[in-house]
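Data block below; observations after.
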Ligand SMILES: Cc1cc2nc3c(=O)[nH]c(=O)nc-3n(C[C@H](O)[C@H](O)[C@H](O)COP(=O)(O)OP(=O)(O)OC[C@H]3O[C@@H](n4cnc5c(N)ncnc54)[C@H](O)[C@@H]3O)c2cc1C
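Residue numbers (the working numbering): 4 to 396.
If you want it as structure tokens, here you go:
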């Protein structure tokens, strides 16, 4: 089957990044083809924890996180669906004085980046957050963060993009992308081809294969964060709750949805295999999580776990995403490898990538995420791979 559809921009990958980019590109008047191997939002974007959290982020990422948070608050007006976003606040418990000092320093630094955090201690802490266990000595509270339903967000952006005129094509696996004259030529597994002068790679944990085919390999490793959900109990815990700690296995977090269930995550990640599109929960990781959850909020220890799951996420060596223009190929852009914290950023990433592609610049700084930080060879020594050697992602 040959198709050879053409647009201003072709996006590979229909997770939250690809779907939001398609929507915002349409708002800027660009014609868009969005190609998704499965269904929009089926991978990491649809199975994540749902944290819309800014506190704890790498400080230079906060401008992007603020831009995204503003969009989360306007989803209904913007795309006609709210994805169950709730600005519930987000609190991180602290177990010892040394970490309390770290949290205070972060709060002081974050203020300069436009994020106001409240350090809450003493009796006020117990009164406001009575669910914390006795080991928790204080907390860092971010009043305007919250959570949303990951099952809804990316599909909602995909539908909004389609309503705005984007061609959203599901069940379309991209085998290769190469530059042919002025256009990118995208070859799909079913024989269809697509052309555009701009290509945006939003392929999540599969993005490295596509960037490598353009001579830009990146150190990305797939992992599967460990998730679970309990039986429902009366709604009572409003904020998203986490831990600030340097001890990896102490990192757990949870949120209660209005229906009453507690969704939880954190701790050790399980194995993830992008080639077979599977990520596994190791039972021992769930048991460790439950132990830490009981320490953080003892009442949760009484609840039955209904279900556990995971998803495939790409983690870069430096824990920062790849976002921005290619360092080698004009018209090529990347937004992938969001290292377990891309759900909050998704709407902002879409807005920023659309701005970058449409205007050549972005008002939100994204320089720290440029792919050139991993450059291994000078630009002049790179030649495009032959079609046979192109990535099959
Ligand atoms: C279990 C889990 C919990 C998480 N919790 C949180 C959280 O609470 N808060 C937070 O901010 N972040 C969280 N994250 C991270 C967040 O989910 C991701 O960073 C974000 O969803 C990445 O979006 P994406 O669009 O880049 O990737 P994805 O959602 O993985 O989308 C990429 C898409 O590209 C498609 N694709 C790949 N290759 C091809 C190809 N060759 N042809 C066609 N299509 C292709 C895939 O099918 C996929 O749909 C979590 C992640 C996981 C896995």
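All C-beta atoms, glycine included, are put in the ideal place defined by N, C-alpha and C.
Spell out the partners DSSP gives residue 231 in its beta bridges.
As a working note, residue 231 is residue 228 in the chain shown. BP columns for residue 231 point to 267, 311.
Enumerated in chain order, which unbroken segments of the alpha helix (DSSP H) with a length of 4 residues or greater are wholly contained in the segment 51-104?
The segment 51-104 contains these whole alpha helix (DSSP H) runs: 65-75, 78-82.
Please indicate yes or no: does the CB of residue 356 lie closer than 7 angstroms to some heavy atom of ligand 1?
Sequence index remark: in the chain shown, residue 356 carries index 353 (1-based). Checking every heavy atom of ligand 1 against the Cβ of residue 356, none is found closer than 7 angstroms.
Just to confirm, does residue 353 get its C-beta within under 7 angstroms of one of the non-hydrogen atoms of ligand 1?
By one-based count along the chain shown, residue 353 stands at place 350. Outside the cutoff, so no.
May I have a chain-ordered list of the beta strand (DSSP E) segments no shorter than 3 residues that lie completely inside the segment 309-366?
316-319, 325-328, 335-339
By the DSSP assignment, the beta strand (DSSP E) with residue 301 in it spans what residues?
For the purposes of this step, residue 301 is taken as residue 298 along the chain shown, with counting starting at 1. It is not in any beta strand (DSSP E) - residue 301 carries neither H nor E in the DSSP assignment.
Would you mind working out which of 242, 271, 264 sits nearest residue 251, comparing C-alpha positions?
Sequence index remark: in the chain shown, residue 251 carries index 248 (1-based). Of 242, 271, 264, the residue nearest in Cα terms is 271.
What I want to know is whether the C-beta of residue 313 ends up closer than 7 angstroms to one or more non-hydrogen atoms of ligand 1.
The residue given as residue 313 occupies position 310 in the chain shown. Flag set: Cβ of residue 313 near ligand 1.
Should residue 19 be listed as close to ligand 1, given that the test is whether its C-beta is under 7 angstroms from any heavy atom?
Here residue 19 refers to the residue found at position 16 of the chain shown. Correct: residue 19 has its Cβ closer than 7 angstroms to ligand 1.
When we look at the beta-carbon of residue 362 and count the other beta-carbons within 10 Å, is it buried (16 or more) or exposed?
By 1-based counting over the chain shown, the position of residue 362 is 359. Exposed, since its Cβ has fewer than 16 Cβ neighbours within 10 Å.
Do the CB positions of residue 222 and residue 214 come within less than 8 angstroms of each other?
Working through the chain shown from its first residue, we reach residue 222 at position 219. Working through the chain shown from its first residue, we reach residue 214 at position 211. No.
To which residues does DSSP link residue 9 through a beta bridge?
As a first step, residue 9 must be located in the chain shown, where it is residue number 6. According to DSSP, residue 9 bridges with 198.
Under 7 angstroms: does the beta carbon of residue 48 sit that close to some heavy atom of ligand 2?
This structure does not include ligand 2; its bound ligands are ligand 1.
Residues bridged to residue 248 by DSSP?
Locating residue 248 in the chain shown gives position 245, counting from the first residue. According to DSSP, residue 248 bridges with nothing at all.
State the beta-bridge partners of residue 182 as determined by DSSP.
Here residue 182 refers to the residue found at position 179 when the chain shown is read from its first residue. Looking at the DSSP assignment, residue 182 forms a beta bridge with 187.
Helix, strand or coil for residue 283? Go by DSSP, reduced to three states.
Mapped onto the chain shown, residue 283 falls at position 280. In this structure, residue 283 counts as coil in the three-state DSSP scheme.
Would you tell me roughly how many angstroms separate the C-alpha atoms of residue 383 and residue 332, rounded to the nearest one?
As a first step, residue 383 must be located in the chain shown, where it is residue number 380. As a first step, residue 332 must be located in the chain shown, where it is residue number 329. Low confidence applies to residue 383: its pLDDT is 46, below 50, so where it sits in the model is not reliable, and the reading given next is rough at best. Each residue's alpha carbon lies about 11 angstroms from the other.
Quick check: is any heavy atom of ligand 1 less than 7 angstroms from the C-beta of residue 221?
Taking the first residue of the chain shown as position 1, residue 221 is located at position 218. Result no, Cβ not under 7 angstroms from ligand 1.
Cβ of residue 326 within 7 angstroms of any heavy atom in ligand 1?
Mapped onto the chain shown, residue 326 falls at position 323. Residue 326 Cβ: outside cutoff for every heavy atom of ligand 1.
Answer with buried or exposed for residue 263, where buried requires no fewer than 16 other C-beta atoms within 10 angstroms of its C-beta.
Numbered from 1 along the chain shown, position 260 holds the residue referred to as residue 263. Exposed, by the Cβ-count rule.
Would you say the beta carbon of residue 158 comes nearer than 7 angstroms to a heavy atom of ligand 1?
Indexing the chain shown from 1 puts residue 158 at position 155. Result no, Cβ not under 7 angstroms from ligand 1.
What three-state label does DSSP hand residue 393 in the structure shown?
Here residue 393 refers to the residue found at position 390 of the chain shown. At residue 393, the pLDDT of 30 sits below 50, so the modelled position is not reliable; the number obtained from the coordinates is stated separately. Of the three classes helix, strand and coil, the one that applies to residue 393 here is coil, per DSSP.
How many angstroms separate the CA atom of residue 311 from the CA atom of residue 167?
Within the chain shown, the letter at position 308 stands for residue 311. Within the chain shown, the letter at position 164 stands for residue 167. Each residue's Cα considered, the two are about 36 angstroms apart.
Would you mind giving the Cβ-Cβ distance between residue 210 and residue 340, rounded to the nearest angstrom? I have them listed as a contact below 8 angstroms.
In the chain shown, residue 210 corresponds to position 207, counting from 1. In the chain shown, residue 340 corresponds to position 337, counting from 1. Confirmed, about 6 angstroms.
Compute the minimum distance between the beta carbon of residue 230 and the heavy atoms of ligand 1, and state whether it is under 7 angstroms.
As a working note, residue 230 is residue 227 in the chain shown. Yes; taking the cut-off as 7 angstroms, the Cβ of residue 230 has a heavy atom of ligand 1 nearer than that.
Three-state secondary structure (DSSP) at residue 387?
By 1-based counting over the chain shown, the position of residue 387 is 384. Because the pLDDT at residue 387 is just 42, under 50, the model does not fix this residue reliably, and the value given afterwards should be weighed accordingly. The answer is coil: DSSP assigns residue 387 none of H, G, I, E or B.
Taking a contact to mean a Cβ-Cβ separation below 8 angstroms, would you say residue 269 touches residue 313 in this structure?
Working through the chain shown from its first residue, we reach residue 269 at position 266. Working through the chain shown from its first residue, we reach residue 313 at position 310. Not in contact: residue 269 and residue 313 (Cβ atoms no closer than 8 angstroms).
Could you give the first and the last residue of the continuous alpha helix (DSSP H) run that contains residue 38?
Locating residue 38 in the chain shown gives position 35, counting from the first residue. Segment 35-38 is the beta strand (DSSP E) holding residue 38; no alpha helix (DSSP H) there.
Which term fits residue 205, buried or exposed, when burial requires 16 or more other beta carbons within 10 angstroms of its beta carbon?
Within the chain shown, residue 205 is the residue found at index 202, counting from 1. Result: buried.
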